[in-house]
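For reference, the structure is listed below as structure tokens.
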Amino acid sequence: MTVPRANDFTIRVATINGSGSQSSNLVLTNAIFRLGIPVAPKNVFPSNIEGLPTWFDVRISPEAYKCRSRDIDLLVALNPATWATDVPSVKPGGVVVHEAAYPMNGDVVRDDLTYYPIPFAQIAKEHIEAGDLRKYLVNMIYVGVLAELLGISPEIIEASVRGQFKSKPKAVDTNMKAVGLGIAYAKEHLTKTDPYRLEPMTGKTDGLMFMDGNRAAALGCVMGGCTVAAWYPITPSSSLCESFIALCDKYRVDPETGVKNVAIIQAEDELASIGMVIGAGWAGARAMTSTSGPGISLMAEYVGYAYFAEIPAVIFDVQRAGPSTGLPTRTMQADLAFAYALGHGDTKHIVLLPATIEESYEFAMQAFDLADRFQTPVFVLLDLDLGMNAWLTQPLAYPEKRFDRGKVLSAEDLNKLESWGRYRDVDGDGIPYRTLPGTNHPNAGFFTRGTGHDEQARYSELPDVWQRGLDRLVRKHDTARNVVPAPILEENGHPAAILAFGTSHHAIVEARERLHQDGVETDYARICALPLSPDLAAFIGRHERVYVVEQNRDGQLYGILRQELPTHLISRLHSVRHYNGVPIDAHAIIDPLLEAERAPAVVAE
Amino acid sequence: MTVPRANDFTIRVATINGSGSQSSNLVLTNAIFRLGIPVAPKNVFPSNIEGLPTWFDVRISPEAYKCRSRDIDLLVALNPATWATDVPSVKPGGVVVHEAAYPMNGDVVRDDLTYYPIPFAQIAKEHIEAGDLRKYLVNMIYVGVLAELLGISPEIIEASVRGQFKSKPKAVDTNMKAVGLGIAYAKEHLTKTDPYRLEPMTGKTDGLMFMDGNRAAALGCVMGGCTVAAWYPITPSSSLCESFIALCDKYRVDPETGVKNVAIIQAEDELASIGMVIGAGWAGARAMTSTSGPGISLMAEYVGYAYFAEIPAVIFDVQRAGPSTGLPTRTMQADLAFAYALGHGDTKHIVLLPATIEESYEFAMQAFDLADRFQTPVFVLLDLDLGMNAWLTQPLAYPEKRFDRGKVLSAEDLNKLESWGRYRDVDGDGIPYRTLPGTNHPNAGFFTRGTGHDEQARYSELPDVWQRGLDRLVRKHDTARNVVPAPILEENGHPAAILAFGTSHHAIVEARERLHQDGVETDYARICALPLSPDLAAFIGRHERVYVVEQNRDGQLYGILRQELPTHLISRLHSVRHYNGVPIDAHAIIDPLLEAERAPAVVAE
Amino acid sequence: MASDAPVNVNLIGLTRDVYKGLPTTLCAGCGHNSITNHLIKALFDFGVQPHLLAKMSGIGCSSKTPAYFVDQAHGFNSLHGRMPSAATGAKLANRELVVLGISGDGDTASIGLGQYCHMIRRNVDVTYLVENNGCYGLTKGQFSATADVGSTMKNGRPNEYEVIDVCGLAIELGATFVARSFSGDGKQLVPLLQAAFAHKGTAILDIVSPCVTFNDHVGSTKSYAYVKEHDVLLHAPDFIKASKEVTVDYEPGTAQEIDFEDGSKVILRKLEREYDATDRIAALETIHKTREAGELVTGLLFIQTATPDLSTREKLPAGPLARLDEAALRISRDDWATLMAT
Amino acid sequence: MASDAPVNVNLIGLTRDVYKGLPTTLCAGCGHNSITNHLIKALFDFGVQPHLLAKMSGIGCSSKTPAYFVDQAHGFNSLHGRMPSAATGAKLANRELVVLGISGDGDTASIGLGQYCHMIRRNVDVTYLVENNGCYGLTKGQFSATADVGSTMKNGRPNEYEVIDVCGLAIELGATFVARSFSGDGKQLVPLLQAAFAHKGTAILDIVSPCVTFNDHVGSTKSYAYVKEHDVLLHAPDFIKASKEVTVDYEPGTAQEIDFEDGSKVILRKLEREYDATDRIAALETIHKTREAGELVTGLLFIQTATPDLSTREKLPAGPLARLDEAALRISRDDWATLMAT
Ligand SMILES: Cc1ncc(C[n+]2csc(CCOP(=O)(O)OP(=O)(O)O)c2C)c(N)n1
Ligand SMILES: Cc1ncc(C[n+]2csc(CCOP(=O)(O)OP(=O)(O)O)c2C)c(N)n1
Ligand code: SF4
Ligand code: SF4
Ligand SMILES: [Mg+2]
Ligand SMILES: [Mg+2]
């Protein structure tokens, strides 16, 4: 049992959803942040609205680790339903703050834990007048208790409460009163015997802010010039479009006239939302939809159409645990392969893979440029962890580049050309030119269809024409390899490397540091997009063993690499998978790598 | 220019669709068959109903080759629209029978061809009374001309005309009259200068019959005990369900009561047809749907559901040229990868890959056993070539095995068990036990859902439960490897081998014989199903170079092999692809193999 | 009245507990929970065989309902908006099943609209409940297509788009049983549910069922308060099960009696207004006029008992197709021989 | 009358040839071909700008129509049943476009039913044609959902299932322009088409259009013979374009005049029956009663010009969203700074 340092532990708050614990959890998180200490909250919630178990983990570390930690140091147990299983999850030497009334028996009784029983219900009953509010305020009491136990000053807590209830200031006092009850009770009845402390830090969190990936992506849509959005609600993607709506209400509406420079439609389903996006993209608007796994399945036919008819579209897939309806409030990276080749027949799409808040914003913005440039659907794959959790991030940079609308011919352009063909490969990059409906020129019009067509967009069933069309699409896809965001490489000439994409990144950061402490050195490549960049093959060529880390069952990126990499590189790849629905943590990488690296000989795939 | 032997050439009839040429083409095909000569017709038709170019190729060969031939020996040109491009497609030394009125200029004029101009229109005008019929009968005239030129006796033609018009005998005379006109004209005005002849053969076609794969599959559904079918019309799969309807009208209806032992519903779309099939499968019926690419895209969500909730379903995908709407009346094998992993998240399905009429029947029947045994969707992938063309085949064998309904617990079974769990892996093969709704036992009921569930089918979001469930599905998939139809191996210890699936088989048969004549020897493995059987890896292990032949752009089987085969075998694979929408022919295989095999060193992938 | 008589066991000798399910995981006060209780009563009173009951649903809070009653029965929680097709397949496979479909307004009127309409068109023998709260509860309260024009979200945003009235739509499409009720009105709902079970064909029940968490505020036309205030009862329905010896007592002209194939009846006792539940046009007119007047009519809007259901139209055998064997399904050896000889 | 005046160039100075397209690839005699010709006349007479015309369709023989007129215009042959969503997106992206959607009965009433209903609900400013032949022409004649009960297939098999009347359905759903016509009746169809162009909102035209190859036989209720025999004209429509100086002459009470936002009018001249095209309930009643009587009513069944269309409801700018630039779309640097400071 290692003695934990100050500012280096994880708090888990176990409550019941719909009980308002969310605000107290955020108050706590914010208070710690205000101490200058890096925090990473992970909300693990159920797929219903009220009454089921929910857990809120607050990871605290001087190294500013952003991934989930498997080791729970301090449990706040406020859910009788999970009491018996929550306590065993606490790490030896840990602390349990709990409702005093809970039964102390069975696995709950451990001699390696410190227990702080608090009569939450009774305190609330005595000091908070009855009514709906009481249920919520009970949670504020625990904040007070922790403040006292961990050493957060009432001032800090109050500041953070004010931040939380900006919109309704009168709530501040009632909540602070509840916090006060917790502090008072702890002062009076608890003698701290555990080592966990919080100490103010400097230089760790300066200028940082909290943001979730869905909001960052929504900001990317605003700054990327998205003018048409069509969506259908689905967890965990709903808040992306809802953030976009909120931002547009603020920044896209003319205050005088009320005229809106955007159309956001809640469609009747995903078949319609993608249809609206493709119709809008065809008509020249930058259009997007946001969904999750089930929606991607329903969009298969239209996405295949847009690939073949060559229409820009941006599709956000905030991944949840699949297959099927799966676990709507859990996270996975299991739509990668499906999205990459979505649609029947031979198809291949551009897929962007953000890992951070900055990238959620940047890639969202870039997706519209790529969609216009390549006249094709572009997927942006987030996951529930990135999309819905609050992450500490640098403020997002104002874009300096203008929109790249790609190869669009205006009436003036057409005047200069005596002829043009919608699907001609003029530049040899596989990317043809298009005109937008409404272009005032007799030659502007062409016919868009999902059936066979020649370079002039005329219907054709001729074998050569068909094959030529398919081959050009391959050319276009290859052009994209060097234009999509390149992989991020960290190399120090080590023979072993880790390869990953998306949110696995944060667990890898911690894992590599800990592996280093254990004497296992690794290089690192993070893929930011499909199709694969040539740099990646080169990177793998420079390493003997490459561990492909991903959050799905079948090793989907590993599979794509085996398909697409030069054959001689394949034997270097080893698949590391995590797929239980909670975000990957460092151990999921450290354990297999330690085993493999300590006996590289016996490494099998 | 090789001198063609008798009974060894290809006739192409170029006409306009909706002109009734279909019946004359079939009369010709049948007449040749009646001479005991193996024939393989390929109908290349447009995606409309009337007025566009259509071609009918009749391949004639003593070797009974069933694949398309690139070399057209004898052209019957009855379509002015394609006249100028049809003639150039004829092979040197070939013959052109054409409407005399067509202009002889440009590429049409060749000194290496024999022309037989026939005033079809004029003959018809003079001898066939005006009316709709005339248009149709013109085509019968060409049959007469060919009969005379190639040496088919009027008796044979008449027999075949009678066969064609079994349903309306009065049509026989009018049609024979038209044939007579052709014979007469040819006798009188043509002096045969070409070498093409038909000579009666024996022992080549005894006991054979014509059948298309869609009808064979429909017969498999009848004999496989399919009781619920839900479909939505789509070329080229419609005739599968329409054959099933016709067969059930005949063999599933009680002549007295009119009661039907089958329900066949034309659904409103593919989302509904697959939903009906899965609802029926859940309730215990053997249910199927039949569709093509676009329908597969629309079924993605429900198929993923059936995979995860473990419900039997049989899905026929009669593949056409994709992506998107593509070429509805052209053939490809491009849905393989998409069907294999259909649905978001981690999924893998059983896919059967018939190549012949016998297999279309056998695999269709077997699909229902596999769906019940593995409680999962089973795809049967045909293609337009197999499904819609008439193939010479042995009569289909009466099934000797009874249905395998898989692990279904009856009320009696439940009495013996004090407890059971819908998703428990009792036998270690990954396959759980199920009960059917309506089973009269208090423990029979369970809850089916696409969300996370434990062994008792209870809703669960627990990480371990989720992962356990996904892992069991992998176990089940692995069990299937040894149960699905095994690959068919032809080995003679040659270092080079061909690997393929489905209709490519017929081109490979011809290609291997011709390669042999050119001194290039090959072994051959044909995959009949996914997941891959262990035998396949063994086979590849015994060969240095394996050419993976398939009819799609991206080398989908090749990609699956790269993903799933042991790494050390991958470098032996080489991809050979054909994807212009017409069925693959021998040259598409011979040419790349000759090149590669004559310089094995320079073989790249 | 039949459905109110206090009994410990029902017609088939089962206790009420048999009709209970798992504890709800919905919000306290959710209209869907009341519907569950009324369903339990109706299923108990009607005497549905648990093992013959197929509880089917789509996705949504409402679609979770099947878990909360008749634990012994088979349940099928399908996909969002796709339950009608699965219910159709299940009923075709085994027509002995009592298929009970439970959906929400989003599940039915948004993503599921096409399947809903085509199920009605086929008159599949299914009791189909729309637990209608005018919003997407499970995804946190966005408008559904059944939200009335002008009805507001919690954040005050009003709905701008035409309401889709699942009852009016059903009647226009030729539905044979269409009723509207309110989760809070068990007196009306329980007999209507039993009538739906007795009806051979698609029975639509549009049940306004307030979402206390996202759509129970002032400004919402699907709140408890609003519905209580604007509910207009067409009549007082009363269900009499075939097997029961009950004498129906009403003055001629004071009620409309509807007879079902199985001998059961529903008696529609007149209240204020004259209403003929068998007049399709009148039903459409009533729905439109009352909506314009801001009223919510509830009761048995339309019924037509003569139309054959899907299984009848398809001439299916009395027993389940699912249980037929090789002998019944395969072509005979002789026929096969002839077939292969041609 | 306006639409019949002989002219070489139209209001915007274009010749009729400009409104022609590629030669048809449909069967000779197909109703769809006649509709194409009537469309060409209506577009020419109305004076639609070719470059502003967006020709959109689904999949089917009917959906091939956009290739056969106004060659210069942009065409979008989408997916089977999914044109309404694409049309909605296109109109949102550029509201200057004249969006003309062409569909078939299978494309609309079977696979596309959900999107059709929701397009109507949103009142998207689209002219939507259903070229209705009661079957799936392109897949060789299977029944569609608009086949009447009892109507037979070529092989004699009768349709057993309820018809989906796309007009009745639209009116029930709150559509603002619903007309029915016949491919053979240009006199009626051409003015109705122009009225649809003038209408701001979703304009539904259900045009019975016989399939000569698969559904023109005795026993079919969508054959030329049957339609000619059972066609009942509601009124004689007459369209007057805003810009034209035309004096409308009719005795008061002998016609109903409908005025459009742009100043155009449609005059519905009375024939036998009294009919108020602005009465929704009456329209529903007429549709049901006439269908029961085996009649096919054609004409402008219902119209409501007041309702705002989608773009208006969404408060979109007058110009195309598609052409807005960074300045119009990005948050200002100052606002960004504040946003990132919180
Ligand atoms: C294909 C698909 N899209 C979206 C979702 C997300 N989703 C779950 S429930 C729901 C709406 C439910 O609304 P309703 O049917 O009215 O049920 P309620 O929760 O209001 O009772 C949605 C959009 C999903 N599960 N599947
Ligand atoms: C998803 C999908 N399913 C099926 C088809 C096959 N298909 C093409 S057209 C058509 C029906 C067309 O009927 P309708 O809309 O009435 O047009 P019509 O040919 O009768 O004019 C069908 C089913 C398809 N193209 N896409
Ligand atoms: S969110 Fe609304 S619909 Fe869902 S359970 Fe709660 S109250 Fe019921
Ligand atoms: S098949 Fe029917 S609908 Fe299609 S083109 Fe021919 S006549 Fe018209
Ligand atoms: Mg709802
Ligand atoms: Mg049609």
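Chains as they are written, first to last, in the working numbering: chain A, 139 to 743; chain B, 139 to 743; chain C, 156 to 497; chain D, 156 to 497. Idealized CB from N, CA, C, for every residue including glycine. Note that this is a predicted model, so its numbers are computed, not measured.
The residue from A/Val214, A/Glu538, A/Ile279 and A/Gly568 with its alpha-carbon nearest to that of tyrosine 445 of chain A is A/Gly568.
The stretch 360-371 of chain B and the stretch 422-433 of chain B touch, with three or more beta-carbon pairs separated by less than 8 Å.
For the alpha helix (DSSP H) assignment, the uninterrupted runs of no fewer than 4 residues enclosed by the stretch 347-427 of chain D are, from N- to C-terminal side, 379-385. At a cut-off of 7 Å, the beta-carbon of asparagine 232 of chain D does not count as near ligand 2: no heavy atom of the ligand is closer than that.
Set against 7 Å, the gap from the CB of cysteine 290 of chain D to the closest heavy atom of ligand 6 is smaller.
Per DSSP, the beta-bridge partners of asparagine 287 of chain C are C/Val363. Threonine 467 of chain D has its alpha-carbon roughly 28 Å from the corresponding atom of glutamine 227 of chain D. A straight line joining the alpha-carbon of threonine 294 of chain D with that of isoleucine 154 of chain A spans about 55 Å. Taken residue by residue, none of the stretch 343-367 of chain D has a beta-carbon sitting less than 8 Å from a beta-carbon on chain A.
Relative to ligand 6, even the nearest heavy atom lies 7 Å or more away from the CB of serine 375 of chain D. Between alanine 493 of chain B and cysteine 205 of chain B, the C-beta gap is not smaller than 8 Å, which leaves the two residues out of contact. Using a Cβ distance threshold of 8 Å, arginine 428 of chain D and tyrosine 405 of chain D do not count as a contacting pair. Pairing proline 374 of chain B with isoleucine 453 of chain B gives a Cβ-Cβ distance that is not under 8 Å.
Relative to ligand 4, even the nearest heavy atom lies 7 Å or more away from the CB of threonine 282 of chain D.
For the C-beta of tyrosine 389 of chain A, the chain D residues within less than 7 Å are, from N- to C-terminus, Ile486 and Asp490.
Fully enclosed beta strand (DSSP E) runs of no fewer than 3 residues occupy 451-458 of the stretch 424-482 of chain C, in order along the chain. Here isoleucine 290 of chain B is buried. Its C-beta has 16 or more other C-beta atoms within 10 Å.
For histidine 229 of chain C, at least one C-beta of chain B is nearer than 8 Å to its own C-beta. When the Cα atoms are used, glycine 362 of chain A and glycine 544 of chain A turn out to be separated by approximately 14 Å.
Ranking B/Trp420, B/Tyr685, B/His487 and B/Glu286 by CA distance to the CA of arginine 572 of chain B puts B/Trp420 first.
Per DSSP, glycine 230 of chain D is not a residue of any alpha helix (DSSP H); the beta strand (DSSP E) it occupies stretches across 229-232. When CB distances to chain B are screened at a threshold of 8 Å, the residues of the stretch 468-486 of chain C falling below it are Glu469, Lys470, Leu471, Pro472, Pro475, Leu476, Ala477, Arg478, Leu479, Asp480, Glu481, Ala483, Leu484, Arg485 and Ile486, in chain order. For arginine 435 of chain D, the nearest beta carbon of chain C is closer than 8 Å to its own beta carbon. The beta strand (DSSP E) runs of length 3 or more contained entirely in the stretch 473-531 of chain B are, from start to end of the chain, 488-490, 515-521 and 529-531. Chain D places no beta carbon closer than 8 Å to that of arginine 428 of chain C, leaving this residue out of the contacts. Any Cβ of chain D closer than 8 Å to the Cβ of proline 461 of chain B would place that residue at the interface, and such an atom is absent.
Looking only at A/Glu439, A/Lys325, A/Asp311 and A/Gly269, the smallest Cα-Cα distance to alanine 285 of chain A is reached by A/Lys325. Using a Cβ distance threshold of 8 Å, serine 159 of chain B and threonine 192 of chain B count as a contacting pair.
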